[in-house]
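Read the structure below first, then the notes.
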Amino acid sequence: MPRLAVGDTAPDLTLPSSTGEEVSLQDLRGRSVVVYFYPAAGTPGCTTQACDFRDSLASLTAAGYAVLGVSPDSPEKLARFAQDEALTYPLLADPEHRALEAWGAWGEKTSYGRTSTGVIRSTVVVDPEGKVALAQYNVRAKGHVAKLRRDLGID
Numbered sequence: 031m032p033r034l035a036v037g038d039t040a041p042d043l044t045l046p047s048s049t050g051e052e053v054s055l056q057d058l059r060g061r062s063v064v065v066y067f068y069p070a071a072g073t074p075g076c077t078t079q080a081c082d083f084r085d086s087l088a089s090l091t092a093a094g095y096a097v098l099g100v101s102p103d104s105p106e107k108l109a110r111f112a113q114d115e116a117l118t119y120p121l122l123a124d125p126e127h128r129a130l131e132a133w134g135a136w137g138e139k140t141s142y143g144r145t146s147t148g149v150i151r152s153t154v155v156v157d158p159e160g161k162v163a164l165a166q167y168n169v170r171a172k173g174h175v176a177k178l179r180r181d182l183g184i185d
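Converting from the sequence shown to the numbering used here requires adding 30 to each position, the first position being numbered 1.
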C-alpha cells in the first residue's frame, strides 16, 4: 500500500472506539491529531507504546494535539486494554483494515528475518486542515513517543 507523505490529504477515518462510539477524523477538524497504528492491544510492545502516549497525553494536549490509536482489534478487546492500562484517549477498531490500508499502515513487513503481512507500526500527524504534517512508518514501540515529541518541538 502507498504510504502517506507530508502535504497529502489525510484519508477519511471513521471507526468504532473502545467505548462503543464512532470517532471520525472529520470531527477533530481544526485540531492537530496524532494517529498511531499498532498491531495488537495487550502485547508487550503495543502496551509500551500506548502507555507512552498515555504518559505524554497532557503535554501533547497542551501543545494542541489529540491522540488516536488504531489497531485491527475488536472494540471489546480495546475496551479491556484501555481499562487495564488506564488509557484515556480513543482507541479505534479497524478489523477489516480499511483505515490501516488507506493510511499505508498495512502491508508486508519483515521481523526477525521473516516476511509477513500485517500492521506496520506507524504514526501520522494531521494538521488542523486535514493535511499530513508528519508521517513515520516502521517506528519502534519503545522510545517512539519521546522522538515524536522532539520532532513536534514539544520537548
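By construction, the Cβ of each residue, glycine as well, lies at the ideal position given by its N, Cα and C atoms.
Problem - Nearest-angstrom beta carbon gap, T77 and E115 [assumed within contact, 8 Å] - result: As a working mapping, residue 115 is identified with position 85 in the sequence shown. As a working mapping, residue 77 is identified with position 47 in the sequence shown. Rounded, the Cβ-Cβ distance is 6 Å, consistent with contact.
Handout entry: Straight-line Cα distance separating T44 from L55
Key = Reading the sequence shown from its first residue, position 25 is the one you call residue 55. Reading the sequence shown from its first residue, position 14 is the one you call residue 44. Rounded to whole angstroms, L55 to T44 spans 7 Å at the Cα level.
Exercise for the section: Within the same chain, show all residues whose beta-carbon is closer than 7 Å to that of R61, passing over the 5 residues directly before and after it, in chain order. Expected result: On the sequence shown, residue 61 is found 31 positions in, with the first residue counted as 1. Cβ within range, chain order: G94, A96, P158.
Problem - 8 Å Cβ shell around G134 - same chain, five flanking residues per side excluded - result: Taking the sequence shown and counting its residues from 1, the one referred to as residue 134 is at position 104. Hits under 8 Å: M31, P32, R33, L34, I150, S152, A165, Y167.
Problem - Whether L117 touches R84 by CB criterion (9 Å) - result: As a working note, residue 117 is residue 87 in the sequence shown. As a working note, residue 84 is residue 54 in the sequence shown. Yes, Cβ-Cβ distance for L117 and R84 is below 9 Å.
Problem - Straight-line gap, K177 to A92 (C-alpha atoms, nearest Å) - result: Mapped onto the sequence shown, residue 177 falls at position 147. Mapped onto the sequence shown, residue 92 falls at position 62. Whole-angstrom Cα-Cα distance: 17 Å.
Problem - Inter-residue CB distance, P46 and P105 (contact presumed, cutoff 8 Å) - result: Locating residue 46 in the sequence shown gives position 16, where the first residue counts as 1. Locating residue 105 in the sequence shown gives position 75, where the first residue counts as 1. Correct: roughly 5 Å between the Cβ atoms.
Practice task
Identify the continuous beta strand (DSSP E) that holds V175 and give its terminal residues.
Solution key: As a working mapping, residue 175 is identified with position 145 in the sequence shown. Unbroken run through V175 is the alpha helix (DSSP H), 174–181; no beta strand (DSSP E).
Practice task
Would you kindly check if the distance between the Cβ of L121 and the Cβ of G99 is under 9 Å?
Solution key: Mapped onto the sequence shown, residue 99 falls at position 69. Mapped onto the sequence shown, residue 121 falls at position 91. Contact: yes.
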